[in-house]
Structure formats: C-alpha cells, structure tokens
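A.B. asks: Protein chains in written order, with numbering that gives the first Met the number 0: chain R, 0 to 287; chain P, 0 to 287; chain L, 0 to 287; chain E, 0 to 287; chain Y, 0 to 287; chain Z, 0 to 287.
6 protein chains.
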Amino acid sequence: MSLLRADAFISPLEIERAVNRSLEEDLGRAGDITSIATVPEDASGRAVVVARQAGVIAGLPLVAAAFQRLSPAIALEPHARDGAVIAAGTKLMTIAGNARAILGAERTALNYLGHLSGIATATATFVKRIAHTKARVVCTRKTTPGLRALEKYAVRCGGGYNHRFGLDDAILIKDNHIAVAGGIKAVLGRAKQAAGHLVKIEIEVDSLDQLEEVLAVGIADVVLIDNFDLAAMRKAVALVAGRVVIEASGGIALDTAAAIAETGVDYLSSGALTHSVTNLDVGLDIEM
Amino acid sequence: MSLLRADAFISPLEIERAVNRSLEEDLGRAGDITSIATVPEDASGRAVVVARQAGVIAGLPLVAAAFQRLSPAIALEPHARDGAVIAAGTKLMTIAGNARAILGAERTALNYLGHLSGIATATATFVKRIAHTKARVVCTRKTTPGLRALEKYAVRCGGGYNHRFGLDDAILIKDNHIAVAGGIKAVLGRAKQAAGHLVKIEIEVDSLDQLEEVLAVGIADVVLIDNFDLAAMRKAVALVAGRVVIEASGGIALDTAAAIAETGVDYLSSGALTHSVTNLDVGLDIEM
Amino acid sequence: MSLLRADAFISPLEIERAVNRSLEEDLGRAGDITSIATVPEDASGRAVVVARQAGVIAGLPLVAAAFQRLSPAIALEPHARDGAVIAAGTKLMTIAGNARAILGAERTALNYLGHLSGIATATATFVKRIAHTKARVVCTRKTTPGLRALEKYAVRCGGGYNHRFGLDDAILIKDNHIAVAGGIKAVLGRAKQAAGHLVKIEIEVDSLDQLEEVLAVGIADVVLIDNFDLAAMRKAVALVAGRVVIEASGGIALDTAAAIAETGVDYLSSGALTHSVTNLDVGLDIEM
Amino acid sequence: MSLLRADAFISPLEIERAVNRSLEEDLGRAGDITSIATVPEDASGRAVVVARQAGVIAGLPLVAAAFQRLSPAIALEPHARDGAVIAAGTKLMTIAGNARAILGAERTALNYLGHLSGIATATATFVKRIAHTKARVVCTRKTTPGLRALEKYAVRCGGGYNHRFGLDDAILIKDNHIAVAGGIKAVLGRAKQAAGHLVKIEIEVDSLDQLEEVLAVGIADVVLIDNFDLAAMRKAVALVAGRVVIEASGGIALDTAAAIAETGVDYLSSGALTHSVTNLDVGLDIEM
Amino acid sequence: MSLLRADAFISPLEIERAVNRSLEEDLGRAGDITSIATVPEDASGRAVVVARQAGVIAGLPLVAAAFQRLSPAIALEPHARDGAVIAAGTKLMTIAGNARAILGAERTALNYLGHLSGIATATATFVKRIAHTKARVVCTRKTTPGLRALEKYAVRCGGGYNHRFGLDDAILIKDNHIAVAGGIKAVLGRAKQAAGHLVKIEIEVDSLDQLEEVLAVGIADVVLIDNFDLAAMRKAVALVAGRVVIEASGGIALDTAAAIAETGVDYLSSGALTHSVTNLDVGLDIEM
Amino acid sequence: MSLLRADAFISPLEIERAVNRSLEEDLGRAGDITSIATVPEDASGRAVVVARQAGVIAGLPLVAAAFQRLSPAIALEPHARDGAVIAAGTKLMTIAGNARAILGAERTALNYLGHLSGIATATATFVKRIAHTKARVVCTRKTTPGLRALEKYAVRCGGGYNHRFGLDDAILIKDNHIAVAGGIKAVLGRAKQAAGHLVKIEIEVDSLDQLEEVLAVGIADVVLIDNFDLAAMRKAVALVAGRVVIEASGGIALDTAAAIAETGVDYLSSGALTHSVTNLDVGLDIEM
C-alpha cells in the first residue's frame, strides 16, 4: 500500500532529498553519540509512531524513508496512510529493527510528520468550517522555505487545494503590475499576449470598480478580491455572475471563514496554513 | 555593518544554499512570468521591507542575499540588523534596482524574514517572562526540517540559547538508553567511557529518586528534569545544590514559564519555539 | 544591457549551473593541457564571437557566463542580444583578457550558443511560414534531457511559444487517461474535480466525434487535435467556433505548417523544434 | 544481460545523475497532475518501448533507470540492447507495473532514447559509407552541453570512435597555439616538454607545407588536416607514409565521406554527429 | 555483521558520498577503458582484499560500498571488521562477481582502506606506547580536507579519541582570543556567558602562571598545556590536582609519548595522526 | 599575479568546491563559537601565512579562496606562488581584514597548504635525487580520495609529472588483463582495436621475456617494468633501445631512486608521493 494520499503527490526524488538533508542536520559529523555509547550495535528494538493528538496525518512516506535510510533492513508496518483522520493515541506505523537506527532517525521522522500533519490538520479544520458551501480553501506561496512541495502536499492531505507552486505556473497580476503597465486594460492585454495557451491569468482587485473593469476587459480567468468586506464580497459575487472564478484573500481566518465562504466566492486563500504552523504532537514509543 | 546579530552566526555558505534553494522553489523553470509579461525589463523600482507587526527581527542577511542573487547590481540600504526589537511599521531595509529582480526575490526574502523573525519574537516574549530569574530558555532539536541552523540562530536573535544542534554535539541519555544499559549507574559509566573530553553529558530523569541516583554517580554535567511539577522542581533544585546544571522540560509554555523559572532551575527547554512558529508579518512596499 | 531576450527568462541560477556543468565536462581533471603547455599564463587575447551563418541568436548570457567563470576579470563587449536576427558574419560579442581563459571556455560558450541559436533559428523559420495567420507555434516536452528550461527559452527567442514545461503545470489528457477513466465525460469530470483553479485542462482528441463529445462536456480549455488531416482540421475549427483553444499536433513540419495554420487552428505544436536540432554555426575568432 | 553495449561504457553514477536531472525537469514540483487526477494510484499497466523508425539503438540503460526510479518494483523485460540495429516497429523493452510510474517516466525515457539513438543511427550511416576503407569516424567536443559522456557513448553504439572527451585528455595544437608559441617547431617542443608520457600530441595543419614541417620536427602522434581538398589529402597521405596518424576535419559530411575516406586518411572527425542530432522516433505503446 | 567498529560511527550518507566522489575521480568520463577493451563484459572474477602489512583496519564499509556501487549484484564476504588488529597477509574481504566492476572499483576501495587503516595503525601504535598510563590520545582538526569525519573514525578504530570535529562543538580559547578579550579572566567570562550549557570550554596556556590564573577563574573544563617540558607538565598536573582535565599538545611524537603520558596529563593531542599519514599497504588479489 | 604554478592547473570550479567542502567540515552548524564569544564582530586583524619548514609550496590559491569565502572584502597580499622553493620562516601571504573570518578560515587554509606543500616538497626531494639523469618521476592513482586533481597538481609544483588522472585517460594493461585476454599479443591487439587514436597504450611486464614479447608485438607506447632489479632494468633499457618509453615501478623509494634512474629508464612512478604524505609545517601568525 502506498503511504501517499491517493490523489496527491510527492516525488520520490523529493522524499529522498528531504530525508537526506534532515538526517545530515541531525547526525552531524559524529552521529548519535549517545546511542553509540550506550546501546549495543546489534541491539534490536521495536517502536511505534503514535499521534498524541487527534488530527489529519501527512508525512508517512518521509517517516518510512528516514528509518530505511539508516537501515535498509528495517521492517515497517504502516497502520495508516496520509490523509487519514485519526484520534489521539492512534498508532501510525510500527518499526522493528536495529535499535541505533531507530533512535538515529527518530527526530527526522517526527519533525516531518509533526510539521506536515500540523498543516494537514489545520487545513482540515478550515475545510470543515466551509464544508456547507461550495468554496474551497487554497494555500499560497507563503510557505516555509525549502519545504514548498511538501507543504502543498500536506494541504492536499487536509482536503485543501493548491494555489501556484511558484511564480512560473500561472500569471497573477497585482497592484504594482497594474501600475507599471498603465492600468487594468493594458496589463491584461500584455498578459494575454505573453501567456502560453496553458497558463491561466488571475488579477488582484481592491475594489468593485476595479472588478468591473476587469470583467469588461474579459481576459482574466480568476479575480483575487483582496481585503473586501462581506458586503463587498457579496456584491462581487453578484457582479461576476459566474463569468470568472473568484478568490478571496486578506484576513482569511478560521473564525471568519464560514461567513466569507457563504458570500459565494469560489476560493479562500490562506497564507497562515503554511506560514504559521502548529505541529501535530506525534511521538515514538520505543521498546528495546 | 554586518546584518548578522553580533554574537550569533550563520555561515555564508548556509545563507547561499538557503537562498538558492528557495529561489529555485519560487522561480521554477519559467520564472516570474507575470512580471516578465507586464514589467519592462529595464524598469527600476524601489522597495522597502517593512515589519507590519512589532517583534524581533531575524533573517536580514537572507533578505539581502535573495535580492542580490537575482541582481548583483541591486542597492541595499539596511535600517536595522538581526536582533533588533522593532515597532509595527518599522522600515528594515530599502532596496533599489531592477524591478523584475525585486519582484522575483520578494517572496523568498519575506518567507525567510517572516519565519525567522517569528521565532525570534516568540523567543523574546519567552525571555521577557523569565527575565527576573537567572534561568535561560533553550530550543531543542524539534526544528523545521532543513532549517535547523537558521532557526537556532533565530532563537539567539530573540535572546534565547541553543541546546544541541544535532545528535553529535553532546550526550543526552534518555529512558531507553538507561533501560538498555541496565540502569543509571551503568549508563553513565558507559557514557563517561565513550565521551570525548570536550563532550558534555546530560541525563533525563523522571523522578527525584532518579535524580538522587544521578547525583550519587557524579558523572553528569546536566540533568534534564522532565515533566516535574513545581514542587518537585523546587526539591530538585535544593537537592542538586549547584552540583550540576538543571534543565526543565515538558509542558514548558509561555504562561507557565515564570513559575518554572522561579523554582531556580537553570534552563527551560521549549520545542514549540521552533516547531510551532507564527510568522512575523513582514511585507514589501514597492514603488515602481 | 541585459543579454536575455526582454520578454523571456532564464534564471541566473540555471545559467550558473549550466555553465558549471559544461565547463566541468570540458576541463575535466587536468584542464586545457594544450594551452597550459603552449600559451604563457599571462598572455592576453582578444576574441570575437561570430555567427558564421544567418539566423536568430539565443544563448549569449551563457557565453558571457562561461568566460567570466574562468576569469572574472575578463572584459565582455556584446554587440547583440538574444532574439536578434543576424546575417552571416555578424559579430556577437568581443572578449578580451587572459588568453588561457578564453581558450578554456571557448567550446562551452560555443556549444550553448550554437545549440540554442539553432533552436531559435528553426523556430523563427517556422514562425515566418505562418506569420500570415493568427496561429502560433509551440514546442513540447520532447526536449534534450537536462536542457529543457534553456530550450524553451530558445524557442521564445525565435518567436515561438511554450507548451507545458513539465507534467505539473497543466493537465493534458491523452488516450490512456480517457481509457482508464472510462470515457471523455468521466475523465474531464475527474480532471475538473482535481485541478487547482489556476490549472488549465487540455484534452487530446483523435476524431471529430471525440471533439464533439469534449465540447458537449464543456470543461476543457484547450483541445489537442492529433493527426487530423486538413479537411478535418477545418471542420474542427468550425465546430469549435471559438469556444476552446485548438492546438494541432502530429506531423507538423515546416512544409505543412502554412496549410495547417490556414485552417484556423490556434496553435501548432512541434516536437522537432527541440528534439532534432541543427546547430547554428558560430565560431570564435581569436587574436593573441 | 547488461543493456550497455559490450565495448563501451556509461558509469552507473552518470546514469543515475542523468535520469534524476531529467525526471526533476519533467515532474517539477507537483508531478504528473494529469495521471494523479485520472488514473487510480493502484492501477497497473503494461507498456512497450517501440522504435517507430529503423536505426541503431542507444540509451536503454537510461530507459530502464527512469522507470525504476519512479517505481523500484516495476518489471522490465528488455528485447534488445544498445548497439542493436533494428527495423521500424521493433519492440525494445516491455515494462509492467504501476501505471502512474509508467506515465511519469515515459518522456524522460523516450527523450534519452530518441536523442542517443539518433546519434547512434547517424553514426552508423556514416560508418557504412566508409566501410570499404580503413578509415574510422570520430566525434568531437561539439556535443550537447551536459550530455558529453552519453553522446560519446552513443557514437560508439553506432560504430564510431571518440576523439577527446575534454581539453585534458590529449594535446591538440591549433593555429592560435602555433602563433603564440612562435611556430610549429617551438610549439611542438613545448608540448613535448609539458606532456605526460601517456598523453598524445595532435597538431592541426592548414597546408602541406605545415604538414612537412610537422613531420620534420617528429614529435606529433597525429596530424589534423583541416579543410584540405581531396587532392591535398591524397598528397598528405603520401607524404606522411604511415609515420603519423592522419585525421581529416572540416566539411566532413555524409555525401563527402566516402571520397575522403578513400584518400587514405585514418580518421574523419565530424562535429555534426553530436551537435546536430535528429531524434530517432521512439514511442511507448501503453495498455492500462 | 556490521563492518563498522561497534563503538564508532560513519553515517551511511557519508559513506555514499565518499564512495561516489572517489569513483567519479577514477572513472572519469570514459570509465575503465583498459578493462572495457580487454575483459569480456560478462566475465566473472573473484578477488580478495589483503593486508600486505600488519596493522589495524579501518575503512571496510567503504570497500564494500565501492564494489556494490558499480555492481549491486556483487557478492561480498567479509573476514574482518574495522578495528581488527591483523597480521601481514590477512585476508579482509572476498569479492565475487562481475570482473569489470571489480577492476573499476579496486583503486577507490584500496585508497580508502589504505589511508584510513594507516591512521588506525599509527594511532594504535601511539596508544600502545601510553597504555601503562591513564592518558588517552586525541586527534585534532589538522585532518585531510574533505575526510574529517572518516579520519576521526579511523582514529577511533585505532583506539584513540576525538578532539573537536569542528569549530562549533566546543570552545577552545587560544592566545589571540585571550589577547583580544583583554586577558584570561575576561575571555573566560565571555566564553561562559556565550556558551550553551552543553558546550565545554577549553583554554590553551603557555605557562604555569597562566595555568594558575585559569584555575583561579574556575570556568574552564579543560586546559591545553602547549609546548610544556616534562618538568612543567608534572608541575601542572600537581597544580591542577584533578580540578580540570589536562591536555598536552605541541611536539607530541611517538618517542616522547610515554614520558609525557607518565607526567599524569589526561590527554595527548597529536595532529600528525591525521595530517601526516602513512598508508597501510593493502592490495587486491584477483582471479579471473 | 596568479597564485597557480604557471605550467600546471587547478580549475576554479575545483578550488571553489574544495574550499566549500572543507569550510563546511570545520564551521559545522554553529560556526567558530570561540571567536563569536570572544572576538568583537568588527575587530580587524592581520595575519601572515608562514612556512615553518623549508620546502616547496603548493596550495596558495586555496588559501586565498578560503579567506575570501568567509569575507569577500578581506585583503590578500601574496609573497610567493605555488612551486616556490622556500626557506623555513618564509612569509607566504599576508591577510588583513575581519578577525573572525581570519580565524574561521585558518584551519581550512592551512590544512590544504600543509598537505599539498607536503606533496610538493617530497616530490622536489625526489626530483633532486634523479636530476643528473634524464628520468622523470610520476605519481600514480594512489591518491587521497577526493583530492586527486589537487594532489596531481601538487606533484607538478614539486617538479614531478603525472601518470593517469583516472582509469579513462590511457590504457594500462596489467597481469589480469593479459591473463583474461589470453596473452600479450592478444591483449595488445584488443587494446589497439578499442583505443581511440588519442589514447596511449601502456603494458606492465614482470620479466624480460614478457618485455621481448611486447616489443615484438609493437603496439605499446609505454612499458611498465614492475619490480625489476637494477640489472634487469639495465637489460630492459638496452633491449628497448628507445623504441618505447620505459616506466619503472615497485619499490621506488627515495634512497633507491638515483640508482634506478641511472639505469636509463624514462620514468619512475611512486605511489608514496601521494598516498603517504608528510605535511609541510605551515602556520598563521596573527595580530589582532
């Protein structure tokens, strides 16, 4: 059974790079000197990865890779896979094998699992708040540096969707671009001219007037309505009338999510899902 | 003027690697297609990095490196340096030069600055709570994967101290090690035998009885008292009487910090400082 | 003056990586042993990069980077920039400085320039053939391994456009996907459900019947009509009537391009632009 | 059975690096989003790599490595090995296993196979033209950047030989070196003095006079006669009378090859074999 | 059975990186052209790694990794493990499998084994000289660039101990630090203030007066007595009376080691163990 | 003035990689914690690289690069260049600038300089012993792993020459190859057939009989006479009579070198020059 969520993806190359980088950080030059000093090299152990909190799991493929990297012979028995909604105390994976390898990879495994599950859990909470609407939540490019692909995946594990992965996979026109280009019509024209036929165009608007102008030009696929109040959002939804996708951003928080989603916007984007992460508490119960 | 905090360190090699990795994530294969489409290649701009919240700053060397990486000719004028305690609205750095380079490096720069300043700010809040005691706060190995050296640095910017950087720079004996080795006396003996003369030995204890045993053996430099209540902590401090350094861990939170520090322990260790980070809100005000 | 074409992009990180990789290939472990043996280390030289054929130039930033990598003090005077349409014999850049560095970087510089200019030139020839129509030519993912970003850029230098940079920046549904999903309606439904709101959906069709089905479902942004004859293409254009973008592929060659473009399709995609490249003949005239 | 041609070589490290680099280009950050959306994660498939044109095969080890990299459990059954001369329609390898992995590695596998087989096929055509003579064809350092070792290998698969792999594995004296050193005698003396005892010395001459001078000095192992006409080549061969190896270069093309080879020169060197490559048409027939 | 010495460590990531780096150096771009020319690709061979000299072995995990890297199917039968004290002629490992792979990895394997066993052997000789005392020998940061972790490990294999792995794992105050800080008391105060609670402090002293001052301040964990004569060392030991650890450095050689150790110092540090290494003579006996 | 020896080479890419690797080893994750604690960040210093022993210098470009890597603004004044024969106490380079950067790069700089100068010095001693003959000394592939290119360069600095840099730059036939191929004639025939026209062929012989056979076949460029005694060497020289180059190997040591060289052989190859290196004692005199 794959440990990845079925409809999301992390490349095996990314998993390998991530685990290597983190093991190098933790093992340093001399390795786990405590275990080398106190645990016989041929000691075996058994450990269970446990969620100490309820939440949504993301990162199990990295957990598996971390232990296998230090001991290819280690035995892994997964009890869940990414995207699972679990209760506190749920056993996620059993690991059996060389004791030093278990102890040496423990922190790498748990740091990834706690961080990514934290994101998945926060996303799932968000998704639940807006589940009675058609709106979806998306994360942004405000990700932890070096972890973008993994964090985007974690958002998917929590039931959210992804905005751009980088500056290069869609056009997103903001105020500065509008200003430099000399207005909405001009900037959309330039974007249309430059964009490949598989590239969508989104534009950020700060007011209903700007929105009307965007709709009049008729090039944008998506409008980002930034910092609109609820009333303005509702007007925007009415104005757009399904002609483009509407994404709301700015001050999107857990307690405002439902009200915003109920205005009829299509997407809510939240940077906090990835830039301000609370770890899910996960641990390793070890018997040696 | 260096942008690094004077008494802390990030290697220039680490800064370069971090910035490259993050720019690659964001620029992808095709780069900032929005700006390429809408901003003339020779357009100049001026941007100011601004803290939108009060806090403590960490990460300015990465900010500088990100912009310079995309345009070596860009002009940078710093208005603060790492470790600065700043008010909301403080201007941190002025950047002037190629507009596309400013827009292309913006997110890399802000993601580092927001994340590391978030850690520094949380640390500083913690430090303030215990400032009336002799206790220090330290972070742990529960860091965001790939960012350990940077996050340890951010903790220093906030006035905290660092525990181990990895498994290899001190011995830290936990319950599993004690169990495998056959008890506290045996495990400390093995550690003493194996440790280099520049390696300190710390041991985690769960009870006052264990603590007494540790003190009787006399090898440990530091004891980690894990999940002790306040009364037990006070007894531990009395028992130790300065013979070893005492570090308290387990359930260390902002609202319990003062009471714990007042028991007389030397160090409080907090994983949350680095594993559950709230970004400091920083932004870029751009004029083009 | 930038050497990059104004409306296209290669990341400076990519340029650095590419040049390093190629210099390592050529210098090997012992370097340019001929020049070390025969040219005094302090000899200076002057060299001119010359196009020995007419064509369109792409790759000058890599030329500059190659020489500077071996001698940061070398002086470069460009006489053209990427995208320039030049006659045979045109001088593209003058290089002056350490003679050994000039000889050591020569092949790296010319191999990139010849290869990328070959692509740009072939693209420009293609573009010219269809210039009387509204159609655009795009390249595919059939690129030389390791050079995708550079080759996509070269196509832009020649006046072409880019299809997907990778599997991850748009959905492109082919026959296998349709078969597995159980038909066109089902596969488009799944794609719609899974796709982020900034991801376009393209679907390949083999017949007008399939095209009708696609149009009836109404989810696709782009249809790829594969191996249609001219008559069928004209019918497809009529059938679509502007509702989706039409891309023609399969057997697109220089001598069929005009006729295909005249059918009214929006895009012609050609793998040969990047998978079967004829170098533009470029050379270095050296005076030492 | 090894997939490598028996008398040629690519390092397993190079294969791994090449495949990783190309998969990263193609999978990007989000992977094969089409297949993730439309193909069940546990779907199995069967695919056959087929040559759609007649030619000579090179690159099968990279094909195998690409599929295995995405799914170590995938089953590979080769039907040919590198160097094989095959007819159009020949099945080269059967792949069975995870359908998403097959689709995700397809382009990487085919891009290598098509490019390298294109070189092997062109080389074989060349070799055939001169098969009635003792002459051999060699490729040059005009290779596609980043692919030198692979392309040199492909030339071997087609029956050609390799000139220098880089600037460091033999001395090749050209006009600039002669000029700087002060003439043929002086430059050969310097080369002889500097060269290790396992390094051969080749010198390029533009005229029969220069050739005579080279022969008189008596140090060179090989002479490169550049842009000689057929008559001059014949004179050169007579003049040399077996004392040194003769390599002809400049304007070596398929239609002139036989005549040149018949002059009695030992080697013909052709940059076009690697700098102007026409892909061999290869494809993947998939059943899912 | 692990090939690593039981109480010492090299990370599997480091082994992989080391072996890759060295194989790349040796295989270059074209590989083992001699064996490709003369040994059939399917030839099998059998080889025995033999110590041609008596000594102490270090590096067998790298030997194994080198052969496996070129042929995963190769069979390895170890007859010893790292740390073994062996006689001349001892067989260390038998390798059976593809003959070209054996020949291609031979030098990489032997270069590591000879170098690291040379260090282990020299260390063991040193350790023997002081075995009648309580003193230990430690290596320094004067290691061969790029090989620090491996050489530190080899010292452990020979029975020695490790000083700092880098500038970051302990404080070591030297004359320049004392001078800049304004004296011993000041510098120790600063170090104490800055050091984490798991970082030891060592200070170098050049005289008994300085030593007294250090002892009076009472912060240092270790004193490094540099270039003391034997009489001064004895006085230092008496003066210290067990309050701090004493390390002797400067002119520590094999013939002075015993006398120095007999003065009662705790550690002797020797740069020569790693900076001036005599290879242990190891070879490969091959039958094909 | 370049710091490289004029007639030898290290690539700037190799210098950068080497220095980065070594600085990473030494700075670790937390950097030079001693200097950070005790030296003000804006303190300036002046340091002189001094040879404490007489010898031949190699490695100054790496010294320069190490200091510049930590502080691009540092001022470097060289007083010598690689290949210089210097007396004990000679000042090699003066460095002025940030004190922490000087201290942080000191060990990296000295480790390279001491190691490579050790090789250059040992080589120069060897060269001197045979200076009255026409023989040259060459190093082998028995180099310190990871340092081959640098060590080959150091041998050149000492006046020696280089044998193969790797398995790929010449054919060297040994006993196993002869045995597998079925004798000397067969193996030389295969080698001749396979070798490119710029690849030399060397063959190792163990007896005069084998030598005669080699000469009779007439393909080899170089013969390696392995473990011949002086009388046999003289016979070999007489037998060869200038038809091929003769290299003597096996038991080549400093005290036997002159006698061997006087037999008339062309090259002596010595593995010990690079596999058993005694550091040249170099140091840094610092004023802060």
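Glycine is no exception: its CB is placed at the ideal position from the N, C-alpha and C atoms.
Under 8 Å, CB to CB, which of the residues in the segment 11-34 of chain E have a partner in chain R?
C.D. replies: Result list: 19, 22, 23, 26, 27, 28, 29, 30, 31 and 32.
A.B. asks: Buried or exposed for residue 284 (chain P), going by 16 or more other Cβ atoms inside 10 Å?
C.D. replies: Its Cβ having fewer than 16 others within 10 Å, residue 284 (chain P) is exposed.
A.B. asks: Check for me: the alpha helix (DSSP H) holding residue 23 (chain P) runs from which residue to which?
C.D. replies: Its alpha helix (DSSP H) spans residues 11-26.
A.B. asks: If contact means a Cβ-Cβ distance below 8 Å, which residues of the segment 172-201 of chain Z contact chain E?
C.D. replies: Listed in sequence order: 193, 195, 196, 197, 198, 199 and 201.
A.B. asks: Restricting to runs no shorter than 4 residues, where is the alpha helix (DSSP H) found entirely within the segment 206-242 of chain Y?
C.D. replies: Listed in chain order, they are 207-216 and 229-239.
A.B. asks: Is any beta-carbon of chain P found at less than 8 Å from that of residue 280 (chain Y)?
C.D. replies: No - not a single Cβ of chain P is within 8 Å of the one on residue 280 (chain Y).
A.B. asks: Any beta carbon from chain R within less than 8 Å of residue 6 (chain L)'s own beta carbon?
C.D. replies: Yes - at least one Cβ of chain R is within 8 Å of the one on residue 6 (chain L).
A.B. asks: Using a threshold of 8 Å, state whether the C-beta atoms of residue 172 (chain P) and residue 201 (chain P) are closer than that.
C.D. replies: Yes. Within cutoff.
A.B. asks: Anything in chain Y within Cβ reach of residue 265 (chain P), meaning under 8 Å, just list it in chain order.
C.D. replies: The answer, in chain order, is 196.
A.B. asks: Can you give me the C-alpha to C-alpha distance between residue 154 (chain L) and residue 269 (chain P), rounded to a whole angstrom?
C.D. replies: Using only the alpha carbons, I get a separation of about 54 Å.
A.B. asks: For residue 45 (chain L), which residues does DSSP report across the bridge?
C.D. replies: DSSP lists L:95 and L:286 as partners of residue 45 (chain L).
A.B. asks: Are residue 170 (chain Z) and residue 32 (chain Y) touching if we call contact CB-CB under 8 Å?
C.D. replies: Closer than 8 Å, so yes.
A.B. asks: Out of E:219, E:99, E:149 and E:228, which has the shortest C-alpha to C-alpha gap to residue 10 (chain E)?
C.D. replies: That would be E:149, whose Cα lies nearest to the Cα of residue 10 (chain E).
A.B. asks: Output needed for residue 218 (chain R): all residues of its chain with C-beta closer than 8 Å, excluding positions within five of it in sequence on either side, in chain order.
C.D. replies: So the list reads 187, 188, 190, 191 and 200, once near-sequence residues are dropped.
A.B. asks: Which class does residue 170 (chain Y) belong to by DSSP, given the choice of helix, strand or coil?
C.D. replies: It is a strand residue.
A.B. asks: Name the one or two DSSP bridge partners that residue 90 (chain R) has.
C.D. replies: Paired residues: R:49.
A.B. asks: Rounded to whole angstroms, what is the Cα-Cα separation between residue 279 (chain L) and residue 206 (chain Z)?
C.D. replies: Going by the C-alpha atoms only, they are around 56 Å apart.
A.B. asks: Between residue 46 (chain R) and the rest of its own chain, which residues show a CB-CB distance below 8 Å, the 5 nearest in sequence each way excluded?
C.D. replies: Once the five neighbours on either side are set aside, the close Cβ partners of residue 46 (chain R) are 93, 94, 95, 101, 105, 283, 284, 285 and 286.
A.B. asks: Any Cβ of chain L within less than 8 Å of the Cβ of residue 237 (chain Z)?
C.D. replies: It does not: the Cβ of residue 237 (chain Z) has no partner Cβ on chain L nearer than 8 Å.
A.B. asks: Quick one: what's got a C-beta closer than 6 Å to residue 20 (chain Y)'s C-beta in the same chain, skipping five residues either side?
C.D. replies: Counting only Cβ-Cβ distances below 6 Å, and skipping sequence neighbours, we find nothing.
A.B. asks: My assumption, with CB atoms under 8 Å, is that residue 30 (chain Z) sits in contact with residue 8 (chain P). Please give the rounded CB distance.
C.D. replies: Going by Cβ atoms, the distance from residue 30 (chain Z) to residue 8 (chain P) rounds to 4 Å, so yes, they are a contact pair.
A.B. asks: Pull up the distance between the alpha-carbon of residue 122 (chain E) and that of residue 158 (chain E), whole angstroms please.
C.D. replies: Distance between the alpha carbons of residue 122 (chain E) and residue 158 (chain E) is about 7 Å.
A.B. asks: Between the alpha carbons of residue 139 (chain L) and residue 185 (chain R), how many angstroms are there, rounded?
C.D. replies: So the two alpha carbons sit approximately 29 Å from each other.
A.B. asks: Could you tell me the boundaries of the beta strand (DSSP E) in which residue 137 (chain R) lies?
C.D. replies: Its beta strand (DSSP E) spans residues 135-138.
A.B. asks: Can residue 66 (chain P) and residue 108 (chain P) be called in contact, C-beta distance under 8 Å?
C.D. replies: Yes, they are a contact pair.
A.B. asks: Can you tell me where the alpha helix (DSSP H) holding residue 154 (chain Y) begins and where it ends?
C.D. replies: Segment 147-156, the alpha helix (DSSP H) holding residue 154 (chain Y).
A.B. asks: With 16 other CB atoms within 10 Å as the buried threshold, where does residue 376 (chain E) fall?
C.D. replies: A question about residue 376 (chain E) goes unanswered here, because the residues of chain E that appear run from 0 up to 287.
A.B. asks: Take the Cβ of residue 135 (chain E) as the centre, count every other Cβ of all protein chains shown within 10 Å, and call the residue buried at 16 or more, exposed below.
C.D. replies: Buried is the call here.
A.B. asks: Nearest-angstrom Cα distance between residue 114 (chain L) and residue 224 (chain E)?
C.D. replies: Their Cα atoms are separated by approximately 26 Å.
A.B. asks: Could you check if residue 60 (chain E) is buried or exposed, using at least 16 other CB atoms within 10 Å of its CB as the buried criterion?
C.D. replies: So residue 60 (chain E) counts as buried.
A.B. asks: Return the CA-CA distance between residue 62 (chain E) and residue 146 (chain E), expressed in angstroms with no decimal places.
C.D. replies: Roughly 15 Å between the two C-alpha positions.
A.B. asks: Cβ of residue 2 (chain Z) within 8 Å of Cβ of residue 71 (chain Z)?
C.D. replies: Cβ distance not < 8 Å, so residue 2 (chain Z) and residue 71 (chain Z) don't count as in contact.
A.B. asks: For a contact defined as C-beta to C-beta under 7 Å, what are the partners of residue 66 (chain L) on chain E?
C.D. replies: In chain order: nothing, as chain E lies at least about 15 Å away.
A.B. asks: Ordered along the chain, which non-local residues of its own chain (more than five positions away) have a Cβ less than 8 Å from that of residue 80 (chain R)?
C.D. replies: 0, 1, 2, 3, 4, 56 and 59, listed in sequence order.
A.B. asks: Using a C-beta cutoff of 8 Å, does residue 1 (chain Y) count as contacting chain R?
C.D. replies: It does: the Cβ of residue 1 (chain Y) has a partner Cβ on chain R nearer than 8 Å.
A.B. asks: Which of the three DSSP states is assigned to residue 248 (chain Z) in this structure?
C.D. replies: Strand, per DSSP.
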